[in-house]
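Following: one structure in structure tokens, then a few remarks.
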Amino acid sequence: QVQLVESGGGLVQPGGSLRLSCAASGTAFTIAAMGWYRQAPGKEYELVAHISSGGNPNYADSVKGRFTISRDNAKNTVYLQMTGLKPEDTAAYYCFADARTRAWGQGTQVTVSS
Numbered sequence: 004q005v006q007l008v009e010s011g012g013g014l015v016q017p018g019g020s021l022r023l024s025c026a027a028s029g030t031a032f033t034i035a036a037m038g039w040y041r042q043a044p045g046k047e048y049e050l051v052a053h054i055s056s057g058g059n060p061n062y063a064d065s066v067k068g069r070f071t072i073s074r075d076n077a078k079n080t081v082y083l084q085m086t087g088l089k090p091e092d093t094a095a096y097y098c099f100a101d102a103r104t105r106a107w108g109q110g111t112q113v114t115v116s117s
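With the sequence shown counted from 1, adding 3 to any position gets you my numbering.
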């Protein structure tokens with residue numbers, strides 16, 4: 004059973020930056036895709052970004068040019084560098100990792116407010 008531990012959320016002013024991390028453990032299987040979803044209050048889950056085991060990233064249009072996803076396969080860790088944060092980026096962010104099945108992190112809150 005894969006466990007995911009997230010860190011890095013918090014409160015930031017508009018235009019600021021945050022870096023989220025998500026470390027996976029507990030699997031002997033190769034982790035394929037890793038990524039991040041988010042859910043703002045009263046809204047549906049949104050796929051923010053994901054990255055293949057080979058390092059190919061994909062982004063939601065809403066974050067292109069502002070967010071960067073990366074991963075360290077040796078550490079089974081995925082990162083989300085967020086810059087130019089906007090109030091509409093406020094949400095709970097959840098990482099996922101695809102091993103034999105999809106595992107989810109516990110979520111970390113990102114609040115963008117002045």
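The beta carbon of each residue, even a glycine, is placed where N, CA and C say it ideally should be.
So residue i and residue j are in contact, right, with Cβ under 8 Å, and what is the actual spacing, rounded?
| i | j | result |
| --- | --- | --- |
| residue 107 | residue 7 | 6 Å |
| residue 93 | residue 43 | 6 Å |
| residue 87 | residue 29 | Between residue 29 and residue 87 the Cβ distance is about 35 Å, and since that is not below 8 Å, they are no contact. |
| residue 82 | residue 23 | 7 Å |
Quick one: residues in its chain with C-beta nearer than 8 Å to the C-beta of residue i, no 5 flanking neighbours on either side, listed in chain order?
| i | result |
| --- | --- |
| residue 60 | 52, 53, 54, 71, 72, 73 |
| residue 90 | 17, 115, 116 |
State the DSSP-derived secondary structure class of residue i, mapped to helix, strand or coil.
| i | result |
| --- | --- |
| residue 47 | coil |
| residue 60 | strand |
Within a Cβ cutoff of 6 Å, which residues of the same chain sit near residue i, ignoring the five residues on either side of it in sequence?
| i | result |
| --- | --- |
| residue 56 | 35 |
| residue 10 | 24 |
| residue 84 | 22, 71 |
| residue 12 | 111, 112, 113 |
Classify residue i: buried if its beta carbon has 16 or more other beta carbons within 10 angstroms, exposed otherwise.
| i | result |
| --- | --- |
| residue 105 | exposed |
| residue 41 | buried |
| residue 14 | exposed |
| residue 97 | buried |
| residue 48 | exposed |
Please identify the residue among the options whose C-alpha is closest to the C-alpha of residue i.
| i | options | result |
| --- | --- | --- |
| residue 33 | 103, 117, 115, 83 | 103 |
| residue 45 | 76, 95, 101, 99 | 95 |
| residue 78 | 4, 109, 27 | 27 |
| residue 38 | 99, 85, 90 | 99 |
| residue 58 | 75, 112, 113 | 75 |
| residue 5 | 110, 101, 113, 111 | 101 |
Could you pull out every residue in the same chain whose Cβ sits closer than 7 Å to the Cβ of residue i, ignoring the five residues on either side in sequence?
| i | result |
| --- | --- |
| residue 68 | none |
| residue 66 | 51, 52 |
| residue 109 | 9 |
Can you find a CB in chain D that lies within less than 7 Å of the CB of residue i?
| i | result |
| --- | --- |
| residue 94 | Although the question refers to chain D, the structure presented lacks it and comprises just one protein chain. |
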